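Protein chains in written order, with this note's numbering: chain A, 1 to 399; chain B, 400 to 798.
For glycine and all other residues, C-beta sits at the position ideal for the given N, C-alpha and C.
Keep in mind that this is a model prediction, so the values were computed, not measured.
Some notes on the structure that comes next.
Number of protein chains: 2
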Amino acid sequence: MKISSPRRIVGSNAERTRLHNRQVVLGHVRERQPIGRAEIARISGLSIQAVSNIIAELEEDRLLIEAGRQSEGRGLPVLKYRLNADGAVALGIEVRPDAMFGALVNLEGETLFTTREALPDNAPSTVVSVARRIRASALEGRCGKTQKILGAGVVMPGPFGKVGISGAGQSALHGWEDSDPIAVFQEALDMPVVVENDATAAAVAERVRGVATGLRTFCFIYFGAGLGLGVVADGEVQRGAFGNAGEIGHVIVRPGGRLCACGNHGCLETYASRIAARTRLADAGIEIGSASDIENLYNAGNAHLMEWIDEASGPLSQAVGLIENLFDPETVILGGAMPDAVLDHLIASLELPGGSVAARAGRVTPRVQRGACGRLTAALGGAALVIHDTITPRIAAKT
Amino acid sequence: MKISSPRRIVGSNAERTRLHNRQVVLGHVRERQPIGRAEIARISGLSIQAVSNIIAELEEDRLLIEAGRQSEGRGLPVLKYRLNADGAVALGIEVRPDAMFGALVNLEGETLFTTREALPDNAPSTVVSVARRIRASALEGRCGKTQKILGAGVVMPGPFGKVGISGAGQSALHGWEDSDPIAVFQEALDMPVVVENDATAAAVAERVRGVATGLRTFCFIYFGAGLGLGVVADGEVQRGAFGNAGEIGHVIVRPGGRLCACGNHGCLETYASRIAARTRLADAGIEIGSASDIENLYNAGNAHLMEWIDEASGPLSQAVGLIENLFDPETVILGGAMPDAVLDHLIASLELPGGSVAARAGRVTPRVQRGACGRLTAALGGAALVIHDTITPRIAAKT
DNA sequence: TTGAATATTCAAGTAAGTTGAATTAATAAG
DNA sequence: CTTATTAATTCAACTTACTTGAATATTCAA
Numbered sequence: 001m002k003i004s005s006p007r008r009i010v011g012s013n014a015e016r017t018r019l020h021n022r023q024v025v026l027g028h029v030r031e032r033q034p035i036g037r038a039e040i041a042r043i044s045g046l047s048i049q050a051v052s053n054i055i056a057e058l059e060e061d062r063l064l065i066e067a068g069r070q071s072e073g074r075g076l077p078v079l080k081y082r083l084n085a086d087g088a089v090a091l092g093i094e095v096r097p098d099a100m101f102g103a104l105v106n107l108e109g110e111t112l113f114t115t116r117e118a119l120p121d122n123a124p125s126t127v128v129s130v131a132r133r134i135r136a137s138a139l140e141g142r143c144g145k146t147q148k149i150l151g152a153g154v155v156m157p158g159p160f161g162k163v164g165i166s167g168a169g170q171s172a173l174h175g176w177e178d179s180d181p182i183a184v185f186q187e188a189l190d191m192p193v194v195v196e197n198d199a200t201a202a203a204v205a206e207r208v209r210g211v212a213t214g215l216r217t218f219c220f221i222y223f224g225a226g227l228g229l230g231v232v233a234d235g236e237v238q239r240g241a242f243g244n245a246g247e248i249g250h251v252i253v254r255p256g257g258r259l260c261a262c263g264n265h266g267c268l269e270t271y272a273s274r275i276a277a278r279t280r281l282a283d284a285g286i287e288i289g290s291a292s293d294i295e296n297l298y299n300a301g302n303a304h305l306m307e308w309i310d311e312a313s314g315p316l317s318q319a320v321g322l323i324e325n326l327f328d329p330e331t332v333i334l335g336g337a338m339p340d341a342v343l344d345h346l347i348a349s350l351e352l353p354g355g356s357v358a359a360r361a362g363r364v365t366p367r368v369q370r371g372a373c374g375r376l377t378a379a380l381g382g383a384a385l386v387i388h389d390t391i392t393p394r395i396a397a398k399t
Numbered sequence: 400m401k402i403s404s405p406r407r408i409v410g411s412n413a414e415r416t417r418l419h420n421r422q423v424v425l426g427h428v429r430e431r432q433p434i435g436r437a438e439i440a441r442i443s444g445l446s447i448q449a450v451s452n453i454i455a456e457l458e459e460d461r462l463l464i465e466a467g468r469q470s471e472g473r474g475l476p477v478l479k480y481r482l483n484a485d486g487a488v489a490l491g492i493e494v495r496p497d498a499m500f501g502a503l504v505n506l507e508g509e510t511l512f513t514t515r516e517a518l519p520d521n522a523p524s525t526v527v528s529v530a531r532r533i534r535a536s537a538l539e540g541r542c543g544k545t546q547k548i549l550g551a552g553v554v555m556p557g558p559f560g561k562v563g564i565s566g567a568g569q570s571a572l573h574g575w576e577d578s579d580p581i582a583v584f585q586e587a588l589d590m591p592v593v594v595e596n597d598a599t600a601a602a603v604a605e606r607v608r609g610v611a612t613g614l615r616t617f618c619f620i621y622f623g624a625g626l627g628l629g630v631v632a633d634g635e636v637q638r639g640a641f642g643n644a645g646e647i648g649h650v651i652v653r654p655g656g657r658l659c660a661c662g663n664h665g666c667l668e669t670y671a672s673r674i675a676a677r678t679r680l681a682d683a684g685i686e687i688g689s690a691s692d693i694e695n696l697y698n699a700g701n702a703h704l705m706e707w708i709d710e711a712s713g714p715l716s717q718a719v720g721l722i723e724n725l726f727d728p729e730t731v732i733l734g735g736a737m738p739d740a741v742l743d744h745l746i747a748s749l750e751l752p753g754g755s756v757a758a759r760a761g762r763v764t765p766r767v768q769r770g771a772c773g774r775l776t777a778a779l780g781g782a783a784l785v786i787h788d789t790i791t792p793r794i795a796a797k798t
């Protein structure tokens, strides 16, 4: 399975320029809506006329709508625009070994629909037919509305391709080794498709509609089956050369420590992850099924769970420290398939290293915070990726 | 001191499009020279005519030159072009607490001139006057040649701004806290200036003319005063939100281990860095002055130095593992102010974790290799950054 | 009431890319 | 040896999308 392809340096022409500028305008509207032509022109460096033409086109496509005139001091009152939330939708699909989740999200990142479907097996044919079902139920009853479907974001557990983490088989999908997921889903869903890992999708979800709104550089530590890291650097999603960046679960934080399924000792994942929590509780004779089991245990003040949190805190603090030192993000977000209360408790118990580039005077964002997108983060993230792609342009200039 | 400014999303127009396309053409020529118009057009997605116009312009600017016709099967023989190595030069200046280094590099990345000047103190006024002297001697005797000066890359030790690593004062410059280095050097050198940290500059040097030629995603572990990490991801230099990404020296690899100057215990820098080596040797009564002292000791087979290498190997292996897991690079390069022989020995002694996304079947590049740019890497890197900026475009498309 | 400030629109101009036909030169085929 | 085919390049016309400058609309301030 391979989701990242080599990139080719391409030239630009009038058509690509317009595409880029549409994204620029959409991006600025999203960030500062409602907003008028003149202001967009100022911050984008385009002429008012160019912005005007693009807005006309976006209005035609129903991605933007007028938001009334507003007088602000002298001069002609500004005719403001905002995103037309219902002008377009994106589908998000998360594939887990045992189930699939679907989410439909509008241009503003608002969730319109979510669903869960059991997954009897992981064969591509099964996954694809469930994906079709999710597509159908998500779009059902929306045929009347003339909403543009931007595409689908499919979230699958990494790592992708044949890599050295052999024990990670428990989180990877079987039967997908030789397939091209993008082509498969594109065919099945009949729309543009992007494929991403859960942590990255979660990060983008937080950027489109969560605690990372407006941030250009941040990291998301995602509790999935293992532990993943989603990285957005200067507005760009980081994937690595082979699509496997952010494998933080197998970073060694306790040399010579616990044996991990990957064969190494002291991986972060053996301390801070759902697997770690489950193992810890199983040792105490408590079996964990769903995430709500953990929530119940936490609410009941279960001593073993509390001990796990204590044990996870140190390694996790160390991981946050290294993320800060390596990526220098505006903030680190914690989230994924772990109850909010547990995440909050974990965050509160962190003892962040003082010697970090992040221990900076005059910070505005907290060093670590909990994600706002909740349990469905990944599926929402898939959809958010599509929204993100339509709205976020690539070229930035220094101020 | 602040070198990173917030970026603003800007629109594109005909002028900016041309600038981008010039870089695209230059980039493709650099990568596959000698090369003809038609091939450039094919790989860049531009029309032949567009490429033709751009080549005419670049030839006019003396950045490209004809490389003769070459028959390749049927049809009109291709008129090939190559970079005009001497068409333009870039100045690199490295500022260290005790000395400054200068390098002049041509468009092909070839070193034309290097120099070293002692630095009596770190006051901006002193640094600036030495920089002016370096500029003068570098350009001396080149006034006759009509070489375009693209700009200067100034390399300074990070971290920049007020951060939590208080003990890092030994590597940071004093008296620069409130100044704007870019403006200062731009004024002093009378040319466009970029400022970068040593590790990043070294990484770019390897990309322009070293072992990372042709790679889009890789990391460089740089032995400077401390230990830094330069990251190039998908062709883009990674700086972090505040310009301090890559502070790998203060990543904790041995929890509860040696006390670092930063106040934490077990930082990588206390095991694998010049400071660590110096401390280790000082304990044995051996004082280290310059880097050549280390080289002599190594050649003499000094037992204490060998012991240090042994001690450094474990933490360094762990660091390489985490870099691989977090960034998923095509390769990790080791280099900087450490003798080649020591670097080679260090690399040979690494025991890389098997459980890493980098332990992949069918690798083409080695997981870890030594940098090719030698001791002057950083100064060369400064110049390379300028070359890189003129040649590397930003927009890439999936194949 | 008048002038200045600001946003927007209209109309013309420009830069840079694309397209299609013509030209040139090499190889392959008859 | 002649002719056809192939491929690179150039020429000229066309198209797209941005910019510029003038005109218009609306509000605030004097």
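- Put simply, the CB of Val409 (chain B) is near chain A, with a gap under 8 Å to one of its CB atoms.
- If you look at Thr513 (chain B), you'll find it in the beta strand (DSSP E) that goes Thr510 to Ala517.
- Pro124 (chain A) places its beta carbon less than 8 Å from that of Gly175 (chain A).
- If one requires a minimum length of 4 residues, the alpha helix (DSSP H) runs lying completely within the region 237-323 of chain A are 274-283 and 291-299, in chain order.
- By the 16-neighbour rule on beta-carbons within 10 angstroms, Gly734 (chain B) is buried.
- Leu46 (chain A) reaches chain B at Val409, Gly410, Ser411 and Asn412, counting residues in chain order whose Cβ is nearer than 9 Å.
- Listed along the chain, the chain A residues whose CB falls inside 7 Å of the CB of Gln637 (chain B) are Ala233.
- In the DSSP assignment, the residues bridged to Ile492 (chain B) are B:Gly501 and B:Val553.
- Less than 8 Å divides the Cβ of Val553 (chain B) from the Cβ of Gly781 (chain B).
- In summary, the residues of the region 720-737 of chain B whose CB is separated from some CB of chain A by less than 7 Å are Gly720, Leu721, Asn724, Leu725, Phe726, Asp727, Pro728 and Glu729, in the order they occur in the chain.
- Pairing Ala50 (chain A) with Gly770 (chain B) gives a Cβ-Cβ distance that is not under 8 Å.
- Against Gly354 (chain A), the close residues of chain B are Gly563, Cys661, Gly662 and Asn663, in the order they occur along the chain (beta-carbon pairs closer than 8 Å).
- Taken through DSSP and simplified to helix, strand or coil, Glu456 (chain B) comes out as helix.
- Nearest to Leu463 (chain B) by C-alpha distance, out of B:Lys547, B:Gly662 and B:Glu471, is B:Lys547.
- In the pairwise beta carbon analysis, the region 264-279 of chain A is classified as touching the region 741-755 of chain B: at least three pairs are separated by under 8 Å.
- Shortest Cα-Cα distance from Pro728 (chain B) to any of B:Ser712, B:Ser691 and B:Val636 involves B:Val636.
- Boundaries of the alpha helix (DSSP H) around Ala384 (chain A): Thr377 to Ile391.
- For Glu729 (chain B), there is no enclosing alpha helix (DSSP H), as DSSP marks it with neither H nor E.
- Ala736 (chain B): not part of any alpha helix (DSSP H); DSSP gives it neither H nor E.
- Neighbours of Ile387 (chain A) in chain B, taken as residues at a C-beta separation under 7 Å, are lacking, since the least C-beta distance is about 16 Å.
- In this structure, DSSP gives Arg481 (chain B) an extended state, which the three-state scheme calls strand.
- Residues of chain B whose Cβ lies closer than 7 Å to the Cβ of Arg254 (chain A) are, in chain order, Pro654.
- For Gly753 (chain B), the secondary structure class from DSSP, reduced to helix, strand or coil, is coil.
- Interface annotation, Val423 (chain B): in contact with chain A, CB-CB separation under 8 Å.
- Non-local beta-carbon contacts of Val24 (chain A) in its own chain, meaning distances under 6 Å to residues more than five positions away in sequence, involve Ser44 and Pro393 in chain order.
- Proximity of chain A to Asn420 (chain B) at the Cβ level (cut-off 8 Å) is accounted for by Gly11 and Ser12, in chain order.
- Here the alpha carbons of Arg32 (chain A) and Arg69 (chain A) stand approximately 16 Å from one another.
- Not a single C-beta of chain B is nearer than 8 Å to the C-beta of Val211 (chain A).
- Sequence-distant Cβ neighbours of Glu206 (chain A) in its own chain, meaning closer than 7 Å and more than five residues away, are Ala212, Phe220, Ile333, Gly371, Ala372 and Cys373.
- Ile35 (chain A) is bridged by DSSP to A:Tyr81.
- By the C-beta density criterion, Glu646 (chain B) is buried, having at least 16 other C-beta atoms within 10 angstroms.
- According to DSSP, Leu463 (chain B) shares a beta bridge with B:Leu482.
- Between Ile708 (chain B) and chain A, the shortest Cβ-Cβ separation is not below 8 Å.
- Three or more Cβ pairs closer than 8 Å define a contact, and the region 73-87 of chain A meets that threshold against the region 33-40 of chain A.
- Inclusion of Leu445 (chain B) and Leu425 (chain B) in the CB contact set at 8 Å is not warranted, their separation being larger than that value.
- A Cβ of chain A is located within less than 8 Å of the beta carbon of Glu646 (chain B).
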